[in-house]
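Asker:
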Amino acid sequence: MEKNKKTVVKEKFENQEYPIHVIGRHVDISDPMKAYAVDKLTKAKRFGGRILDVTIIMDIQKLVHSVDFVLDVNNTKIKVTGRTHNMYASIDQAIARLEAQLRRYHRRLHEHHAKKTAEVDMNVNVVEVIELIDEINDQIEEENLEHVEEELTPHKIVNREIRPLKILNQAEAIMKMDLSNDAFMIYRSEEDQKLKVIYRRTDSNYGIIEVE
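So the numbering used here is basically just the index in the sequence shown, starting at one, shifted up by 116.
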């Protein structure tokens, strides 16, 4: 059986203020659909700070139409998702969540942007990516597990880099986790200068690990 290939369509819109990247996975994105998403985003931006970059990812898996909006607002990552059985409804759902987040953190985003955030360098190992997760899922659906396991080799470290590590207080770390929807984040604590990992718990609260 021939494998389903992931369809990825990327388009970049040069806005007067910030670039917008639109990505389609398993979906042909129509011009009205793109225009609808960009128009909704433009109306929502009045609640937030300065948007530097936007990525919109649309995907259809079986009957679920999903859209992710990933924004860089005042150098803070914000990610919201909408999932319904209709792409336009998913866009509305994601934008409603974005507006709620921007309202909630409006003051803190501006305070964080105004504050000169200190950074320290951190060594990072760069891991070679063998397959994208959604491509692996497609393979698992259409091929037997044994064949997939033979194709997927363990990741290996291919490079080491130095990345800036932000110095944040606890409230800023929680805000960044809320807005980004990431599973965890490493930062240097402003309160005691210790290296810490804040992570998302299964009960939707956060835990903090001191790693030094």
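Heads up, the beta-carbon is just placed ideally off N, CA and C, and yes, glycines get one too.
Keep in mind it's a predicted model, so treat the numbers as computed, not measured.
Please classify Q309: does DSSP put it in a helix, a strand, or coil?
Answerer: Q309 falls in the coil class under three-state DSSP.
Asker: Say whether the stretch 189-202 touches the stretch 294-309, bearing in mind that this needs 3 or more beta-carbon pairs closer than 8 Å, one atom from each stretch.
Answerer: Yes: at least three Cβ pairs fall under 8 Å.
Asker: Taking 6 Å as the limit between beta carbons, can you name the residues of its chain near M291, skipping five residues before and five after?
Answerer: Taken in chain order, the residues that qualify are Y221, R224.
Asker: Quick check on DSSP: helix, strand or coil for I318?
Answerer: According to the sequence displayed, residue 318 carries Thr and not Ile. T318 falls in the coil class under three-state DSSP.
Asker: Hey, L284 and E306 are a contact pair by Cβ (cut 8 Å); roughly how many whole angstroms apart?
Answerer: The pair is a contact, with the Cβ atoms about 6 Å apart (cut-off 8 Å).
Asker: For a test of the three-state rule: what should DSSP assign to Q132, helix, strand or coil?
Answerer: Unreliable positioning characterises Q132 in this predicted model, as indicated by a pLDDT of 49, which lies under 50. The coordinate reading is nonetheless provided below. If DSSP states are grouped into helix, strand and coil, Q132 belongs with coil.
Asker: When DSSP builds the beta bridges, which residues end up paired with S182?
Answerer: DSSP output for S182 lists D175, R199 as bridge partner(s).
Asker: Exposed or buried, Q217, counting other C-beta atoms within 10 Å across all chains shown (16 or more means buried)?
Answerer: The residue in question, Q217, is buried, as its Cβ has 16 or more Cβ neighbours within 10 Å.
Asker: Look at the Cβ atom of L179, then the Cβ atom of Y134, and state whether they are nearer than 8 Å.
Answerer: Going by C-beta atoms, L179 is not nearer than 8 Å to Y134.
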